[in-house]
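Engineer: For reference, the structure I am asking about is given below.
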Amino acid sequence: MVIMEKLACDLNNCAEIVKFKNLISKIIGLISYTTDDGSSNDVEQNAVICSSLNVVRQLAITGENIGAMLRQELQKNPFLLGNIANILEDTRSNPQLWKPAMDIIAKLALDKKAGKEIGRRQVIIGKLMHAFLRRYGPASMDDDQSLPMVAGEALANLALWGTANCLAILEELGNEAIQDLKNMLCEDEYRYVAANLLQNLCAHCRDKMRHPDVSEHLSAALTIVMKHMEAAEGKHLESVIGLASEIGDTIREGFVQELESQTNNGVGLIQKLVSTLNSCKEPNPEYPRLRSVIVKTLITILESCHRTVEKMVEEGVMDELMEATPSKVEKYRVFYGGIGVVLESGSSLSAQAAKAKVLITNSAASTSGA
0 MVIMEKLACD LNNCAEIVKF KNLISKIIGL ISYTTDDGSS NDVEQNAVIC SSLNVVRQLA
60 ITGENIGAML RQELQKNPFL LGNIANILED TRSNPQLWKP AMDIIAKLAL DKKAGKEIGR
120 RQVIIGKLMH AFLRRYGPAS MDDDQSLPMV AGEALANLAL WGTANCLAIL EELGNEAIQD
180 LKNMLCEDEY RYVAANLLQN LCAHCRDKMR HPDVSEHLSA ALTIVMKHME AAEGKHLESV
240 IGLASEIGDT IREGFVQELE SQTNNGVGLI QKLVSTLNSC KEPNPEYPRL RSVIVKTLIT
300 ILESCHRTVE KMVEEGVMDE LMEATPSKVE KYRVFYGGIG VVLESGSSLS AQAAKAKVLI
360 TNSAASTSGA
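Residue numbering for the sequence shown follows numbering that gives the first Met the number 0, starting at 0 and increasing by one per position.
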């Protein structure tokens, strides 16, 4: 297995491995995990499982089209998810097994069909939540930030695929989980993953997120992300703007209050958004949604934040807004291994930009008329 893991690090070798479907099935078969008769403590069994998991993980994280084909083959195997669930479910299992197991889940969850299937396994959702929120138990791993990061990535990917998955995540720990996610936005190392997860939960579970106990935490989260917008760049900026936009669609009144409580009614923040939008001539696969989430946020502001809009028109902020012509990169929400793996949904960037232009024109006319 150690040799196989080394071979799987090479893309050309992976191209050969994908041809031998029986080989992949045999490797997955070695992950078979028994939880009775104390066998979970067997050193030899743990060694075999660990080596096999690492091979499967290496296949799952492979990039380019070969990686996509390998993940399809892994997804087709009827035993893989069950074997991983058994490992995560058994409290006696070696914590060293959890990270590769969760990394496999994170990469498979980039596929819609696989993501929905994983979402139906509550034991996996539960273990991911406890790991991400650092409630997973063994003191020996308390200082290991990589496990929460992998678990958070898996949850954010699973939350891409609709209401059922998001409800499964929320129901695992209840409203308390939203407070925890809000608190994680204050931590530099976890902000990106927490923001991605929270914005997906807002997008797919608006009614639940509008509950007073939850919306209070969302309002606090909005204050945090608006603070970090001014300094954030690249994918980190995309994540906090995306979250602010989804919170705005979930609790519009809270969004208006927060923006208009900013210095100069938030015009400085708007200038940062417009400047970033105009400077992004070539979309980046690392943050393909940046222009889209900026325009979407500007639309929310133009529709609802009237005091801010008046200031924006007075200071000519929106005069700087250039046409946003979408590229092929922006057809995707997520890239992995050099290829687009999750398509963007909702209105196109062109449609959003056109709507923003109309709102800007109307706002300017209304302000000048007043």
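In this text, a Cβ means the ideal position worked out from N, Cα and C, and glycines have one as well.
#1: Helix, strand or coil, according to DSSP, for L342 in the structure here?
#2: How far does the alpha helix (DSSP H) with V294 in it extend, from its first residue to its last?
#3: Where DSSP assigns a beta bridge to V213, which residues make up the other side?
#4: Roughly how many whole angstroms lie between the Cα atoms of I30 and A355?
#5: I'd like the span of the beta strand (DSSP E) that includes F19, first residue to last.
#6: With respect to the alpha helix (DSSP H) encompassing F131, which residues constitute its N-terminal and C-terminal limits?
#7: Taking the continuous beta strand (DSSP E) assigned at P333, which residues delimit it?
#8: Once you ignore the five residues that flank E152 on each side, which residues in its own chain have a CB closer than 7 Å to its CB?
#9: With a Cβ-Cβ cutoff of 8 Å, do E237 and Y189 count as a contact?
#10: What three-state label does DSSP hand S39 in the structure shown?
#11: If we call anything under 8 Å between Cβ atoms a contact, is I16 one with L79?
#12: Would you kindly work out how many angstroms separate the C-alpha atoms of C279 and Y335, rounded to a whole number?
#13: Output yes or no for whether 8 Å exceeds the beta carbon distance between I246 and A220.
#14: Does the Cβ of K126 have 16 or more other Cβ atoms within 10 Å, making it buried, or fewer, making it exposed?
#15: Can you give me the C-alpha to C-alpha distance between V308 and K271, rounded to a whole angstrom?
#16: Using a 10 Å radius around the Cβ and a threshold of 16 neighbouring Cβ atoms, would you call V357 buried or exposed?
#17: Does the beta-carbon of L342 have 16 or more other beta-carbons within 10 angstroms, so that it is buried, or is it exposed?
#18: Rounded to whole angstroms, what is the Cα-Cα separation between I168 and G315?
#19: Thinking C-beta only, is L107 closer than 8 Å to I117?
#20: Roughly how many whole angstroms lie between the Cα atoms of S244 and L289?
#21: Do the region 164–178 and the region 224–243 make contact, defined as three or more Cβ pairs closer than 8 Å?
#22: Going by the CB atoms, is the gap between G337 and G62 shorter than 8 Å?
#23: Do you know how far the Cα of I86 is from the Cα of N76?
#24: Should D102 go down as buried or exposed, given a rule of 16 or more other Cβ atoms within 10 Å for buried?
#25: According to DSSP, simplified to helix, strand and coil, what is P325?
#26: Since S291 and L348 are thought to touch, with beta carbons under 8 Å apart, how far apart are those beta carbons, to the nearest angstrom?
#27: Out of curiosity, what's the CA-to-CA distance linking L180 and F19?
#28: Determine the DSSP secondary structure at I30, reduced to helix, strand or coil.
#29: Please state if the CB of V213 and the CB of R194 are separated by a distance shorter than 8 Å.
#30: In this structure, how does DSSP classify R91 when only helix, strand and coil are distinguished?
#31: Using 10 angstroms around the beta-carbon of G345, count the other beta-carbons present and answer buried if the total reaches 16, otherwise exposed.
#32: With distances taken Cα to Cα, identify the nearest neighbour of V294 among R306, H305 and I359.
Structural biologist: Taking the coordinates as given:
#1: In this structure, L342 counts as strand in the three-state DSSP scheme.
#2: V294: member of the alpha helix (DSSP H) spanning L289 to S303, first to last residue.
#3: DSSP lists no partner for V213.
#4: Each residue's alpha carbon lies about 52 Å from the other.
#5: Looking at the DSSP string, F19 is not in any beta strand (DSSP E), and its letter there is neither H nor E.
#6: Going by DSSP, F131 is part of the alpha helix (DSSP H) stretching over Q121 to F131.
#7: For the sequence presented, residue 333 should be read as Val rather than Pro. V333 -> beta strand (DSSP E) spans Y331 to Y335.
#8: Counting only Cβ-Cβ distances below 7 Å, and skipping sequence neighbours, we find A105 and V192.
#9: No, Cβ-Cβ distance for E237 and Y189 is not below 8 Å.
#10: Bear in mind that a pLDDT of 49 at S39, under 50, signals an unreliable position, so the number given afterwards is only what the model happens to contain. DSSP places S39 within a helical segment (H, G or I) once states are collapsed to three.
#11: No, they are not a contact pair.
#12: If I take the Cα positions, the gap works out to 21 Å.
#13: Their beta carbons are under 8 Å apart, which means I246 touches A220 by this criterion.
#14: Under this definition K126 is a buried residue.
#15: Per the coordinates, the alpha-carbon of V308 lies some 15 Å from the alpha-carbon of K271.
#16: Exposed, since its Cβ has fewer than 16 Cβ neighbours within 10 Å.
#17: Exposed is the label assigned to L342, since fewer than 16 other Cβ atoms lie within 10 Å of its Cβ.
#18: So the alpha carbons of these two residues sit roughly 44 Å apart.
#19: When the beta-carbon positions are compared, I117 and L107 come within less than 8 Å of each other.
#20: Looking at the two C-alpha atoms, the distance is approximately 12 Å.
#21: Judged by Cβ distances under 8 Å, the region 164–178 makes no contact with the region 224–243, as fewer than three pairs qualify.
#22: A contact, by the Cβ cut-off of 8 Å.
#23: So the alpha carbons of these two residues sit roughly 17 Å apart.
#24: Burial state of D102 is buried, judged by a 10 Å Cβ sphere holding 16 or more other Cβ atoms.
#25: Here P325 sits in coil by DSSP.
#26: The Cβ separation is near 5 Å, so the contact holds.
#27: If I take the Cα positions, the gap works out to 42 Å.
#28: In the structure shown, I30 sits in coil (DSSP, three-state: anything other than H, G, I, E or B).
#29: Residue identity differs from the one stated: residue 194 is Ala in this sequence, not Arg. Taking 8 Å as the Cβ cut-off, A194 and V213 do not qualify as a contacting pair.
#30: The answer is coil: DSSP assigns R91 none of H, G, I, E or B.
#31: Under a 10 Å Cβ-count criterion, G345 is classified as exposed, with fewer than 16 other Cβ atoms of the shown protein chains found around its own Cβ.
#32: When R306, H305 and I359 are compared, the shortest CA-CA separation from V294 is found for I359.
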